[in-house]
Amino acid sequence: MPRFEAVLLDVDGTLVDSNDAHAEAWVRAFRDHGHDVSFERVRERIGKGGDKMLPELIGQSKEDPEAKALQQDRSKIFLEQLAPGIRAFPDVRDLILRMKRDGLKIVVASSAQANELETLLKLAGVDDLIEAQTSSDDAERSKPDPDIVVAAVDQADRPASQVLMLGDTPYDVQAATKAGVAVIALRSGGWDDDDLKGAIAIYDDAADLLAHYDDSPLSSPH
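Okay, structure coming up:
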């Protein structure tokens, strides 16, 4: 029996190779609204939500009228122009199937908007394997605040000590740690090991974790 009873899954950069696309959508939306923000400045913040991104990059609250319009445009750009080119990382479905065979409850813990999340889970080919999920609708504050992780732990209906999170950004690690949840980090989102400090294990991607599953925290005592 696994020592953990549930796994919280981040989606962007963990299941699907979408972090660059998200950054590009923000850059285009910023430009359309008269803000010159570089790809690099946005990219390093991917994993945070608009509640963090907008104040940090253009000094606006997400509730400002212009910011609301900008976020709507960003979502439209992402879904219509960029999402069709996004692909799942190798072996994500097989990894989730393995976890489910081990009796682990699978819960998505994402700060993405609900409509974007649905699209991405279908692109990943795993929408039928998810037992519960959160989205930006379930938390007032995005990662690295712990709200999304706390909401996902509630969905998992397990103590935080029996829940493991799989993510790819420093913000996943920080949010989960604040919620008392251990993290396995993947390098597939573009961050290096120093950025992912605090994770109990780090792998290249889902395929690497699956290849080393029997020696991973998913099957080892914690």
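If you read the sequence shown in this note's numbering, its first letter stands for residue 316, the second for the next number, and so on. All residues carry an ideal CB built from backbone N, CA and C; glycine is no exception. In this text the structure is predicted, and so the values were computed from the model without any measurement.
Cβ-Cβ distance between residue i and residue j below 8 Å
i    : j    : result
L432 : V326 : yes
A344 : I392 : yes
V488 : G495 : no
R360 : E371 : yes
I421 : L324 : yes
S376 : S426 : no
Alpha carbon of residue i to alpha carbon of residue j, nearest angstrom
i    : j    : result
E339 : A514 : 28 Å
K512 : A475 : 20 Å
D469 : V423 : 12 Å
D530 : R413 : 14 Å
M368 : H337 : 12 Å
G364 : R416 : 33 Å
P459 : K437 : 26 Å
S503 : E395 : 24 Å
A516 : N334 : 21 Å
Y486 : L410 : 22 Å
H527 : V498 : 16 Å
D509 : P399 : 32 Å
G269 : T484 : What is shown of the chain runs 316 to 537, which leaves residue 269 out entirely.
V465 : S353 : 32 Å
D507 : L524 : 16 Å
D366 : L444 : 29 Å
Q387 : A490 : 25 Å
R346 : R473 : 44 Å
Residue(s) in a DSSP beta bridge with residue i
i    : result
L481 : L324 and I499
T449 : A424
D514 : It should be noted that the sequence gives Ala, not Asp, for residue 514. Answer is K512.
V488 : Partner(s): none; V488 has no beta bridge.
A454 : None, per the DSSP bridge assignment.
A403 : V331
I361 : K363
Spatial neighbours of residue i in its chain, beta-carbon cut-off 7 Å, leaving aside the 5 residues before and after
i    : result
V407 : L330, A439, V441 and A521
W452 : Note that residue 452 is Asp in the sequence shown here, rather than Trp. The residues are A429.
A403 : L330, V331, L438, A439 and G440
E446 : K420, I421 and V422
A467 : L323, V422, A424 and T449
A382 : L369, Q375 and S376
Contacts around residue i, its chain only, beta-carbon distance under 6 Å, and the 5 residues preceding and following it disregarded
i    : result
H540 : Residue 540 falls outside the range modelled here, since the chain spans only 316 to 537, and no answer is possible.
A471 : A321, K420, V422 and V478
I373 : H350
L435 : V326 and V331
T492 : G513
A454 : D462, I463 and A466
Other residues of its chain near residue i: CB distance less than 8 Å, five sequence neighbours each side excluded
i    : result
D322 : Reading off the sequence, residue 322 comes out as Val, not Asp. Taken in chain order, the residues that qualify are M414, L419, K420, I421, V422, V478, L479, M480, L481 and L533.
D519 : L501, R502 and S503
P405 : D520, A521 and A522
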